[in-house]
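Chains as they are written, first to last, in our numbering: chain A, 265 to 473; chain B, 334 to 453; chain C, 11 to 570. From the three backbone atoms N, C-alpha and C, an ideal C-beta is built for every residue, glycine too. One structure is given here, and the rest of the page talks about it.
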Amino acid sequence: MSAIAAPALAAADDAPRTAQLGMWIFLGTEVLFFGGLFVAYAVGRAHWPHGFAVASRHTDVVLGTVNTAVLLTSSAIVAFAVACADHPAQRRWTALALWATAALGVVFLAIKGVEYAHEWSEHLFPLADFALTEPGAELFWVLYFVMTILHSVHLLIGIVGVAAFARATGAGKSWPTPGRVDTMALYWHFVDIVWIVLYPLLYLVERHA
Amino acid sequence: MKQTTLREHARVVVIAWAVLLALMLTSLGSAYLDLGAGNVVAGLVIAFVKSAIVLWLFMRLRKSSATVRIVAATALATLLILLALSGVDYATRTSEPAAFQSPRQAPSFVGGKPATQQTR
Amino acid sequence: MSSVSDVIVRPPSAPAPAPSPSYLEDGHTLRSWLTTHDHKRIAILYAISITVFFFIGGLAATVIRLELATPAGDLVSHDTYNKLFTAHGVIMVWLFLIPSIPSVFGNFLIPLMIGAKDLAFPRLNLLSWYLYVAGGAIVLAALALGGVDTGWTFYAPYATMFSNSWVALTLVGVFVVGFSSILTGLNFIVTVHTLRAPGLGWFKLPLFVWAHYATAIILVLATPVLAITTLLVVAERLLQIGVFDPAHGGDPLLFQHLFWFYSHPAVYIMVLPAMGVVSEIVPCFARKRIFGYRFMAYAILGIASIGFLVWGHHMFVSGQSLAASLVFSLLSFLVAVPSAIKVFNWTATLYKGSIRFDAPMLYALGFVGLFTIGGLTGLFVASLALDVHLTDTYFVVAHFHYIMVGGSVMAYFGALHFWWPKATGRMYPELWGRIAAVLIFVGFNLTFFPQFLLGLRGMPRRYHAYPPEFHQLHMASSMGAVVLALGYLLPLVYFAYSLRATCRTSANPFGALGLEWQTRSPPPTHNFDRPPTVPEHVYDYATPTKAEPARTPAAQATSP
Numbered sequence: 265m266s267a268i269a270a271p272a273l274a275a276a277d278d279a280p281r282t283a284q285l286g287m288w289i290f291l292g293t294e295v296l297f298f299g300g301l302f303v304a305y306a307v308g309r310a311h312w313p314h315g316f317a318v319a320s321r322h323t324d325v326v327l328g329t330v331n332t333a334v335l336l337t338s339s340a341i342v343a344f345a346v347a348c349a350d351h352p353a354q355r356r357w358t359a360l361a362l363w364a365t366a367a368l369g370v371v372f373l374a375i376k377g378v379e380y381a382h383e384w385s386e387h388l389f390p391l392a393d394f395a396l397t398e399p400g401a402e403l404f405w406v407l408y409f410v411m412t413i414l415h416s417v418h419l420l421i422g423i424v425g426v427a428a429f430a431r432a433t434g435a436g437k438s439w440p441t442p443g444r445v446d447t448m449a450l451y452w453h454f455v456d457i458v459w460i461v462l463y464p465l466l467y468l469v470e471r472h473a
Numbered sequence: 334m335k336q337t338t339l340r341e342h343a344r345v346v347v348i349a350w351a352v353l354l355a356l357m358l359t360s361l362g363s364a365y366l367d368l369g370a371g372n373v374v375a376g377l378v379i380a381f382v383k384s385a386i387v388l389w390l391f392m393r394l395r396k397s398s399a400t401v402r403i404v405a406a407t408a409l410a411t412l413l414i415l416l417a418l419s420g421v422d423y424a425t426r427t428s429e430p431a432a433f434q435s436p437r438q439a440p441s442f443v444g445g446k447p448a449t450q451q452t453r
Numbered sequence: 011m012s013s014v015s016d017v018i019v020r021p022p023s024a025p026a027p028a029p030s031p032s033y034l035e036d037g038h039t040l041r042s043w044l045t046t047h048d049h050k051r052i053a054i055l056y057a058i059s060i061t062v063f064f065f066i067g068g069l070a071a072t073v074i075r076l077e078l079a080t081p082a083g084d085l086v087s088h089d090t091y092n093k094l095f096t097a098h099g100v101i102m103v104w105l106f107l108i109p110s111i112p113s114v115f116g117n118f119l120i121p122l123m124i125g126a127k128d129l130a131f132p133r134l135n136l137l138s139w140y141l142y143v144a145g146g147a148i149v150l151a152a153l154a155l156g157g158v159d160t161g162w163t164f165y166a167p168y169a170t171m172f173s174n175s176w177v178a179l180t181l182v183g184v185f186v187v188g189f190s191s192i193l194t195g196l197n198f199i200v201t202v203h204t205l206r207a208p209g210l211g212w213f214k215l216p217l218f219v220w221a222h223y224a225t226a227i228i229l230v231l232a233t234p235v236l237a238i239t240t241l242l243v244v245a246e247r248l249l250q251i252g253v254f255d256p257a258h259g260g261d262p263l264l265f266q267h268l269f270w271f272y273s274h275p276a277v278y279i280m281v282l283p284a285m286g287v288v289s290e291i292v293p294c295f296a297r298k299r300i301f302g303y304r305f306m307a308y309a310i311l312g313i314a315s316i317g318f319l320v321w322g323h324h325m326f327v328s329g330q331s332l333a334a335s336l337v338f339s340l341l342s343f344l345v346a347v348p349s350a351i352k353v354f355n356w357t358a359t360l361y362k363g364s365i366r367f368d369a370p371m372l373y374a375l376g377f378v379g380l381f382t383i384g385g386l387t388g389l390f391v392a393s394l395a396l397d398v399h400l401t402d403t404y405f406v407v408a409h410f411h412y413i414m415v416g417g418s419v420m421a422y423f424g425a426l427h428f429w430w431p432k433a434t435g436r437m438y439p440e441l442w443g444r445i446a447a448v449l450i451f452v453g454f455n456l457t458f459f460p461q462f463l464l465g466l467r468g469m470p471r472r473y474h475a476y477p478p479e480f481h482q483l484h485m486a487s488s489m490g491a492v493v494l495a496l497g498y499l500l501p502l503v504y505f506a507y508s509l510r511a512t513c514r515t516s517a518n519p520f521g522a523l524g525l526e527w528q529t530r531s532p533p534p535t536h537n538f539d540r541p542p543t544v545p546e547h548v549y550d551y552a553t554p555t556k557a558e559p560a561r562t563p564a565a566q567a568t569s570p
């Protein structure tokens, strides 16, 4: 007989593990969400290698590379924030690191905005006056905008979230537990990973021509 | 002890960050070399390595439970299934590109009513 | 020796003094319901909303069958007809079938079955319901504004470029409902991983929980692909940028790959929970352990995984390459194997059982038979050569209705009857329950069997007019639909009747096993007054000491 009468509930103690698992599953859904776009990109590039190459050369590789560095740095900083969060004595550092992360996210969006402005003036938006006539080039730019806009929306959500954590940590509130900071950071890292994959796909198709 | 651990953490983070930036520059540089099909391979492989670093070190996948690792692997595997099986179709289907047309074929509309015809 | 003598069955003559109110009595205001975190109340909220959508979708089906009763397209115009079958499909798939068993019974029962107080994320659960209602409202708004005529499958280029209907708005609604699904799936997975009672290992879980766990995995992996696909269609429609338009380098078949990558696993979202329900009902009413428990669990996982590999069988004639079609055809045959294993095991469970034909059992048995027919006919359409003839005919329509209606909806009704006493503390009138089950079974077969024959003879789907030689079969089908509708309406009446105080019942009127039966009917808000006892074997019905299901006097006297 293995009748066990222990109470079932461990949820309260196990909140960090629960939240972490929940966030990882959510990130898994995001992989599939962006994944559909990667499929569309793969199909497009397989069909129009030359068109994608021509189109990609019109992206701003300098700003794109700077942005990649910005996000990589922000990931490092938020990882540092998570490490600090484990040490209550380092609360100020945690808050600072979180603010820095959010700030870098804003920098990314600002640079992206500059890129979009340039691309608008160069008629690279896939509208009536699209500038490139190479077959497949327009498809590239459609995917470019859909992917980067979707990524930016996710980044914006991350910025708001991280900023909220930063503010609460700085104010000494109790709700940003180390587990929750870690959960938020997981989301931020994921947004970074999406960009890590987008960077070569969008900016580095064929720069040697 | 705790202080040391924090410093240890910070060290790992800084090293990972440096490696990531180096990989990024490698990826950038490789795009300027004519490697043919190797360009896309290099780009994707480097992206994969960078993602692995972020997953393993920043997202602490190495310290996470088996369940979490399975979640990450399953999501990736599902995406690969989507790519692979649709790839079977695309790899074996000959497509004749449609005549390329700049002007849009159909007018823009929302809901049930066509807007005024747009000529481009 | 049984360990399940620990099962608590309260004798009706000595009701336990309730130390705390049941979840139904714990707050009477509308606000307490709309702001609840209690998974049981959320399940009731879902039950009410999906019932509303079921009848709206059913209304569309009624008009469709009325139109098809005669060869001429004389009841509605072809445009209206297109909007009707689209509405029927969109509502029945996304607003009824996908949420039905998981969001009602999964929500209600999973915490009870694993001995937990609630799901892992109770507030997320409430958010799921609100997203569902919001998405449903958006879809209804699109209907009211004029509807959509693309079919629930929204194929490019018609949906993206040429349809003059409310495509974008409908897809926004679908997108929102999709998020509801994703959050529910996420909740279930974390719950099953982290909140099981001590001692409740994976292979002691009821198959209902296994089924919902696998369903939740499909929900979180497949639905996001639908989400991005709907976004792309809306973008192509509104902004005229798109990846599905060949004139701009795109591929319309890409839409189908992305759409069916979700929509095929979606049918397993619809059928796996139903299988879980059947696996709970059959052992109880055969008084016998489920045959091959581990194989049943592995088969569930097998269906969920192989189900992701077969989507191209919806695209055999759409221009997909022959090589890909062959691969998908082979994989589709493979996915039938775990389903067949489950059918064999349910049947083996019945062998030498002590079978009672109570209403839940009638539905469960109906499921097994009708799912078998639906599954076998799936093999027909999975064969490339046959599919060239059968695709887009009524054969396919009959095939999927046998599984989704003959299968999933019957299981939903079986679940309604089986767990109604647990959720409400009332017993429905058994005679009427059986009558409704028989009516539904007979009506269903009358409606949909002729459609196999119609399809074989070439009757295309989505046509509102047809040549006179198909008239008799269509007429039979439409008459069957009348019987079916009657069968669906009956439970509304007698379930409502059963809510009267005189129909009170005990904690475990069916003598069922499972932790949910160890608590009161209806349960207290926190689920268990005392921690439940985890049994040695999850379906330990096969011991003589098990009392025959003792129906309470109150329950027995409820024939009106």
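- Under the three-state reduction of DSSP, Arg431 of chain A is assigned to helix.
- Secondary structure of Arg467 of chain C (DSSP, three-state): coil.
- Judged by DSSP secondary structure, Ser339 of chain A falls within the alpha helix (DSSP H) whose first and last residues are Val325 to Ala349.
- Here Leu285 of chain A is near Val401 of chain B, since their CB atoms are less than 8 Å apart.
- Taken through DSSP and simplified to helix, strand or coil, Pro534 of chain C comes out as strand.
- Residues of the segment 222 to 235 of chain C whose Cβ lies closer than 7 Å to any Cβ of chain A, in chain order: Val230, Leu231, Pro234 and Val235.
- Judged by beta-carbon spacing, Tyr507 of chain C lies within the 8 Å limit of Pro439 of chain C, meaning their Cβ atoms are closer than that value.
- Within the same chain, and ignoring the five residues on either side of Leu193 of chain C in sequence, the residues whose Cβ sits closer than 6 Å to its Cβ are Leu134 and Ser138.
- Here the C-alpha atom of Gln461 of chain C lies approximately 7 Å from the C-alpha atom of Ser487 of chain C.
- Taking 8 Å as the cut-off, the beta carbon of His351 of chain A is found closer than this to the beta carbon of Leu339 of chain B.
- Among the CB atoms of chain B, none fall inside 8 Å of the CB of Val86 of chain C.
- Thr397 of chain A carries a coil assignment under DSSP once its states are collapsed to helix, strand and coil.
- Pro293 of chain C and Leu44 of chain C have their alpha carbons spaced roughly 36 Å apart.
- Boundaries of the alpha helix (DSSP H) around Trp384 of chain A: Arg355 to Ser385.
- C-alpha of Tyr412 of chain C to C-alpha of Ala425 of chain C: approximately 18 Å in a straight line.
- Listed along chain A are Thr282, Ala283 and Gly286, each with a C-beta nearer than 9 Å to that of Phe131 of chain C.
- Leu400 of chain C and Gly465 of chain C have their alpha carbons spaced roughly 7 Å apart.
- Judged by DSSP secondary structure, Gln482 of chain C falls within the alpha helix (DSSP H) whose first and last residues are His481 to Ser508.
- Under DSSP, the beta-bridge partners assigned to Thr403 of chain C are C:Pro470.
- Scanning its chain for C-beta atoms nearer than 7 Å, with the 5 sequence neighbours on each side dropped, one finds around Gly260 of chain C the residues Gly252, Val253 and Phe254, in chain order.
- Ala334 of chain C has a beta carbon lying within less than 8 Å of a beta carbon in chain B.
- In the DSSP annotation of this structure, His472 of chain A is not part of any alpha helix (DSSP H), being labelled neither H nor E.
- In the three-state reduction of the DSSP assignment, Arg444 of chain A falls in the helix class.
- When DSSP reads this structure, Arg514 of chain C sits in a beta bridge with C:Arg436.
- Not one beta carbon of chain A lies nearer than 8 Å to the beta carbon of Trp389 of chain B.
- Between Trp430 of chain C and Phe505 of chain C, the C-beta spacing is below 8 Å.
- For Asp456 of chain A, the nearest beta carbon of chain B is closer than 8 Å to its own beta carbon.
- By alpha-carbon distance to Met437 of chain C, the top candidate from C:Pro519, C:His481 and C:Ile365 is C:Pro519.
- The beta-bridge partner set that DSSP reports for Ser175 of chain C is empty.
- The beta carbon of Ala53 of chain C sits closer than 6 Å to those of Val114, Asn117 and Phe118, all from its chain and outside the five residues before and after it, given in chain order.
- Chain B places a beta carbon closer than 8 Å to that of Phe344 of chain A, counting this residue as a contact.
- Per DSSP, the unbroken alpha helix (DSSP H) holding His98 of chain C starts and ends at His88 to Val100.
- As for any beta strand (DSSP E) of minimum length 3 sitting wholly inside the segment 348 to 381 of chain C, there is none.
- Inclusion of Lys93 of chain C and Ser175 of chain C in the CB contact set at 8 Å is warranted, their separation being smaller than that value.
- Using a CB distance below 8 Å, the part of the segment 302 to 323 of chain C facing chain B consists of Phe318, Leu319, Trp321 and Gly322, ordered along the chain.
- Using a CB distance cut-off of 8 Å, Arg426 of chain B counts as an interface residue toward chain C.
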